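Student: Chain order of the listed sequences is A and B.
Going by my numbering, the residue at position 75 of the first sequence is 78; the numbering climbs one at a time, nothing skipped.
Going by my numbering, the residue at position 155 of the second sequence is 158; the numbering climbs one at a time, nothing skipped.
My questions will all concern the structure given below.
Number of protein chains: 2
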Amino acid sequence: MLDVRRMQVLLAVVSARSITAAARSLGYTPSAVSQQIAALEREAGLPLLERTPRGVRPTEGGRALSAYAADIGARIDEAEAVLADLRAGRSGRVALRYFAGAGAALVAPAVAALRRERPGIHVDLRLTDPDDPLPEVLDGRADLALVLRAGPTPVVEGVRFTHLCTDNYRVVLPDGHPLAARDDLELADLAAHSWIGSAPPGPCLDAVLTVCAAAGFTPAFTVRTEDYATAQAFVAAGLGISLIPGLGLGDRPHPGVTVRDLRDPEAVRGVYAAVRDRAPAQPASTAMMDALRTAAATIGAAANAHDRAGPPAPTPDDRPRPGREITGVGGSPER
Amino acid sequence: MLDVRRMQVLLAVVSARSITAAARSLGYTPSAVSQQIAALEREAGLPLLERTPRGVRPTEGGRALSAYAADIGARIDEAEAVLADLRAGRSGRVALRYFAGAGAALVAPAVAALRRERPGIHVDLRLTDPDDPLPEVLDGRADLALVLRAGPTPVVEGVRFTHLCTDNYRVVLPDGHPLAARDDLELADLAAHSWIGSAPPGPCLDAVLTVCAAAGFTPAFTVRTEDYATAQAFVAAGLGISLIPGLGLGDRPHPGVTVRDLRDPEAVRGVYAAVRDRAPAQPASTAMMDALRTAAATIGAAANAHDRAGPPAPTPDDRPRPGREITGVGGSPER
DNA sequence: TCGAGCATGCAGTGGAGCTTAATGCCGTAT
DNA sequence: ATACGGCATTAAGCTCCACTGCATGCTCGA
């Protein structure tokens with residue numbers, strides 16, 4: 004295989020039309036350059052330079068080879084530029100898997116922020132609900148997966164979990180409901196009330212049924228709907244109460260409803276980012292991770308604000324919002 | 004600058020999905036490959052491989068870089084193929100300058116033979132008549148020039164001359180002419196006869212006038228024509244005698260004429276190939292040179308055959324031939 | 001629990017590639 | 001005409017890179 008380094012030396016010599024001049028521009032002695040050229044001519048099996056009284060002139064082989072050297076040099080520069088972009092997080096890919104509940108409140112603002120700050124990063128987004136995304140993380144098809152887990156930080160061989168925020172079920176009551184007088188509730192308190200089913204059939208609904216069963220009852224659904232905004236509207240209309248995950252509430256609950264925490268430890272759920280244990284630090288991946296953390300923190304701050312202030316009074320711009328639209332949900336990590 | 008050799012190592016590793024396997028295929032120890040990769044990662048500033056329990060997997064940077072490695076490797080292979088073609092004389096360029104008189108008898112068969120045997124070689128042919136081609140040879144615009152010189156082998160600083168053949172003026176007489184009784188003639192013998200001018204005005208004609216003047220007379224032209232075949236036809240018709248360069252006679256004189264040597268030393272001319280002294284041996288150039296030498300030798304052999312046998316009797320295929328057509332002139336160096 | 005296979009780290013060695021210094025060649029200036 | 005400067009080349013010496021050999025740590029499968 005031809006030595007590319009020597010080809011670059013040849014290119015410099017051909018460009019400078021002199022070995023001495025090329026040596027100057029390369030920071031070598033003329034002797035070194037001459038030896039490189041001699042070695043290259045040995046490799047090529049052809050004379051590459053013709054020695055003239057004033058420097059050198061390329062032979063046909065020398066011209067051909069230095070043309071290749073220029074071409075290859077350009078490729079190398081290009082590769083270096085690609086690496087520099089990758090290194091600086093100006094480009095790259097990150098494959099993110101998420102579950103439906105995280106889409107609106109967490110993923111949308113995080114990806115929006117990432118795209119704003121690092122437009123070169125390509126995000127490969129896929130909803131894995133109801134499948135488990137961990138196999139994809141483990142075998143490298145995904146760099147990052149959002150998972151929702153009850154209980155303490157999960158432990159899975161080969162995966163590192165980072166807690167992003169909680170996504171506990173919260174109790175949504177019509178304003179003025181008797182239970183709204185208490186700061187937090189237990190699941191058993193809700194057993195006797197009419198329920199608004201707030202999730203599509205699937206793992207989310209199953210989780211609600213499971214925790215209720217653990218509390219010893221089966222919720223009596225008056226109405227079932229597939230999205231949280233509609234469910235809140237039903238609650239506001241007084242049709243019943245509902246359990247809605249914090250992320251589903253967005254940064255502001257629907258007007259006419261009051262939100263209360265649920266004290267049941269069974270209903271404590273965390274949103275985690277799962278990454279492969281051995282995955283080396285990839286700028287694109289860490290940037291995505293940062294964006295998710297920032298988005299989660301913003302959500303948490305908003306949720307805390309509600310907790311402190313209670314349900315806010317309707318304001319002029321507090322018009323009803325369509326359920327899953329992203330606008331304003333979670334805000335953006337700007338600042 | 005990224006080290007291409009290391010990039011090739013990376014490519015092997017990524018292809019083999021294992022450092023050990025790559026090392027086997029490269030003939031190195033795994034340790035060496037591992038160290039190369041580590042160095043490349045240091046250069047790149049990015050992790051390139053992710054270590055898995057069973058071998059390694061490329062990161063995004065590793066994939067990008069190994070793609071460049073493959074691309075660059077292909078370029079190198081291509082360059083090597085070009086050099087191999089050049090080395091084997093399967094390709095290349097040769098710039099040949101020639102004078103009009105050599106075109107038909109020498110250059111045409113030589114180039115034809117070269118194209119037949121080395122179709123990849125591109126021949127840059129140019130007629131330099133009446134200019135001197137040596138400057139082009141000296142400064143590299145031409146690799147080879149045919150020159151016609153009277154007297155001994157010329158000596159020019161920086162140019163090497165190779166004698167190809169002679170191109171002496173020969174005396175062309177009508178069959179049965181009194182002078183045809185002698186084997187060779189001197190210029191003075193021709194002074195009193197009618198002459199057929201056989202060359203276009205220019206250096207060729209000047210040369211004839213010069214040698215005649217040296218012999219003490221000015222030829223009395225009955226007819227002047229621009230090509231040697233026509234001149235021979237005039238001679239055959241008895242309109243006069245003519246002086247025609249050997250190369251202009253082709254391998255067979257015109258029927259009805261007798262050719263005799265001219266003993267005058269002034270009229271001895273050699274055809275030389277001129278090459279740059281310092282030009283390194285280029286396969287394309289030496290192949291051209293060989294073809295010219297072969298063509299010249301073939302001409303010489305034919306001429307000698309005439310000398311020994313005298314003008315041959317017309318044979319069935321001895322139909323009149325148009326003057327400068329190449330067919331049969333000089334033949335081809337096959338055998 | 002052990003062994004096979006993988007990647008890695010360290011110490012040691014050989015060679016590639018650099019530098020310095022000397023030589024030869026050419027063109028030009030003195 | 002001779003000397004000088006610029007050019008390429010060569011020889012000798014030295015440095016450091018890259019390889020080998022060996023030992024270690026890790027994971028997986030028997």
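Built from N, CA and C at the ideal position, the CB exists for glycine as well.
Quick caveat: nothing in here was measured; it's all calculated off a predicted structure.
What is the DSSP secondary structure of Phe220/A, reduced to helix, strand or coil?
Tutor: Position 217 of the first sequence, counted from the first residue, corresponds to residue 220/A. It is coil, neither helix nor strand.
Student: Tell me which same chain residues have a C-beta within less than 7 Å of the C-beta of Gly241/A, skipping the five on either side of it?
Tutor: Residue numbering aside, residue 241/A sits at position 238 when the first sequence is read from its first letter. Only Pro177 meet the Cβ criterion.
Student: Buried or exposed: where does Gly65/B fall if 16 or more other Cβ atoms within 10 Å of its Cβ makes it buried?
Tutor: To locate residue 65/B, count along the second sequence from 1; it is residue 62. Under this definition Gly65/B is a buried residue.
Student: Which residues in the same chain as Ala236/B place their Cβ atom closer than 7 Å to its Cβ, once the five residues preceding and following it in sequence are excluded?
Tutor: Counting from one through the second sequence, the residue named residue 236/B turns up at place 233. Only His257 meet the Cβ criterion.
Student: List the residues that DSSP assigns as beta-bridge partners of Cys207/A.
Tutor: Residue numbering aside, residue 207/A sits at position 204 when the first sequence is read from its first letter. For Cys207/A, which the question treats as bridged, DSSP gives no partner whatsoever.
Student: Check whether the stretch 281-298 of chain A and the stretch 118-130 of chain A are in contact - that is, three or more C-beta pairs closer than 8 Å.
Tutor: As far as the Cβ criterion goes, the stretch 281-298 of chain A touches the stretch 118-130 of chain A, which means the pair count is three or higher.
Student: Between the stretch 152-165 of chain B and the stretch 221-234 of chain B, are three or more C-beta pairs nearer than 8 Å?
Tutor: The answer is no - the stretch 221-234 of chain B does not touch the stretch 152-165 of chain B, with fewer than three Cβ pairs under 8 Å.
Student: Do Ala108/B and Ala298/B count as a contact pair if the criterion is CB distance below 9 Å?
Tutor: What you label residue 298/B is simply residue 295 of the second sequence in a count that begins at 1. What you label residue 108/B is simply residue 105 of the second sequence in a count that begins at 1. Yes, these two residues count as a Cβ contact at 9 Å.
Student: What in chain A is Cβ-close to Gly64/B, meaning under 7 Å?
Tutor: Here residue 64/B is taken as the residue at index 61 of the second sequence, counted from 1. Ordered by position in chain A, the residues that pass the 7 Å Cβ test against Gly64/B are Leu86 and Leu89.
Student: Report, in whole angstroms, the separation of the C-beta atoms of Leu14/A and Gly58/A, which I expect to be a contact under 8 Å.
Tutor: Taking the first sequence and counting its residues from 1, one reaches residue 14/A at position 11. Taking the first sequence and counting its residues from 1, one reaches residue 58/A at position 55. The pair is not a contact, with the Cβ atoms about 15 Å apart (cut-off 8 Å).
Student: If I follow the unbroken alpha helix (DSSP H) through Gly251/B, where does it start and stop?
Tutor: For the purposes of this step, residue 251/B is taken as the residue at position 248 of the second sequence. Segment Gly249 to Leu252, the alpha helix (DSSP H) holding Gly251/B.
Student: Between Thr55/A and chain B, is any beta-carbon pair separated by less than 9 Å?
Tutor: The sequence position of residue 55/A within the first sequence is 52, counting from 1. At least one chain B Cβ lies under 9 Å of Thr55/A.
Student: Taking only beta-carbon atoms, is Asp6/A less than 9 Å away from chain B?
Tutor: Counting from 1 along the first sequence, the entry for residue 6/A is found at position 3. Yes - at least one Cβ of chain B is within 9 Å of the one on Asp6/A.
Student: If distances are taken between C-alpha atoms only, which option among Ser37/B, Pro181/B, Arg100/B and Leu252/B comes closest to Pro136/B?
Tutor: Numbered from 1 along the second sequence, position 133 holds the residue referred to as residue 136/B. Here the closest residue by C-alpha is Arg100/B.
Student: Cβ closer than 9 Å: which chain A residues qualify as neighbours of Gln285/B?
Tutor: Taking the first residue of the second sequence as 1, we reach residue 285/B at position 282. Correct list: Leu49, Pro50, Thr62, Glu63 and Gly64.
Student: Is Ala73/A closer than 9 Å to Met10/B when the C-beta atoms are compared?
Tutor: Working through the second sequence from its first residue, we reach residue 10/B at position 7. Working through the first sequence from its first residue, we reach residue 73/A at position 70. No, they are not a contact pair.
Student: DSSP beta-bridge partners for Arg173/B?
Tutor: In the second sequence, the residue the question calls residue 173/B occupies position 170. According to DSSP, Arg173/B bridges with Ile247/B.
Student: Can you give me the C-alpha to C-alpha distance between Thr233/B and Ile199/B, rounded to a whole angstrom?
Tutor: As a position in the second sequence, residue 233/B is number 230, starting the count at 1. As a position in the second sequence, residue 199/B is number 196, starting the count at 1. Each residue's Cα considered, the two are about 10 Å apart.
Student: Per DSSP, which residues does Thr55/A bridge with? Please list them.
Tutor: Residue numbering aside, residue 55/A sits at position 52 when the first sequence is read from its first letter. Note: Thr55/A sits in a beta bridge opposite Gly58/A.
Student: So with Cβ pairs under 9 Å, would you call Glu83/A a contact of chain B?
Tutor: Taking the first residue of the first sequence as 1, we reach residue 83/A at position 80. Yes - at least one Cβ of chain B is within 9 Å of the one on Glu83/A.
Student: Output the distance between the C-alpha atoms of Pro317/A and Leu252/A, rounded to the nearest integer angstrom.
Tutor: Numbered from its first residue, the first sequence carries residue 317/A at position 314. Numbered from its first residue, the first sequence carries residue 252/A at position 249. At Pro317/A the pLDDT is 37, less than 50, meaning the model places this residue with poor confidence and gives no usable figure here.
Student: Which chain B residues sit within Cβ distance under 8 Å of Leu137/A?
Tutor: Translated into the one-based positions of the first sequence, residue 137/A becomes position 134. None at all; the shortest Cβ gap to chain B is about 16 Å.
Student: Cutting at 7 Å between CB atoms, please list the residues of its own chain near Asp280/A, excluding the five before and the five after it.
Tutor: As a position in the first sequence, residue 280/A is number 277, starting the count at 1. Taken in chain order, the residues that qualify are Gly161, Val162 and Arg163.
Student: In the DSSP assignment, find the alpha helix (DSSP H) that holds Ala145/A and state where it starts and stops.
Tutor: For the purposes of this step, residue 145/A is identified with residue 142 of the first sequence, where counting begins at 1. From DSSP, Ala145/A is part of no alpha helix (DSSP H); its letter is neither H nor E.
Student: Is Asp74/A close to chain B? Criterion is C-beta to C-beta, closer than 9 Å.
Tutor: The sequence position of residue 74/A within the first sequence is 71, counting from 1. Cβ-Cβ to chain B under 9 Å: yes for Asp74/A.
Student: Check whether the Cβ of Gln11/A lies closer than 9 Å to any Cβ atom in chain B.
Tutor: Locating residue 11/A in the first sequence gives position 8, where the first residue counts as 1. Interface residue, yes.
Student: Under 8 Å, CB to CB, which of the residues in the stretch 89-107 of chain B have a partner in chain A?
Tutor: Listed by position along the chain: Leu89, Arg90, Gly95 and Arg96.
Student: By how many angstroms is the C-alpha of Gly249/B removed from the C-alpha of Thr120/B?
Tutor: Within the second sequence, residue 120/B is the residue found at index 117, counting from 1. Within the second sequence, residue 249/B is the residue found at index 246, counting from 1. Contrary to the premise, residue 120/B reads as Glu rather than Thr in this sequence. Their backbone Cα atoms lie some 27 Å apart in a straight line.
Student: According to the Cβ coordinates, are Asp146/A and Ala282/A closer than 9 Å?
Tutor: As a working mapping, residue 146/A is identified with position 143 in the first sequence. As a working mapping, residue 282/A is identified with position 279 in the first sequence. Taking 9 Å as the Cβ cut-off, Asp146/A and Ala282/A qualify as a contacting pair.
Student: In its own chain, which residues sit with a C-beta less than 6 Å from the C-beta of Ala194/A, not counting the 5 before and 5 after it?
Tutor: Against the first sequence, residue 194/A aligns to sequence position 191. So the qualifying residues of the chain are Phe220.
Student: Mind checking Val140/B: buried by the 16 CB within 10 Å criterion, or exposed?
Tutor: The count along the second sequence starts at 1 and reaches residue 140/B at position 137. The residue is buried, with at least 16 neighbouring Cβ atoms inside 10 Å.
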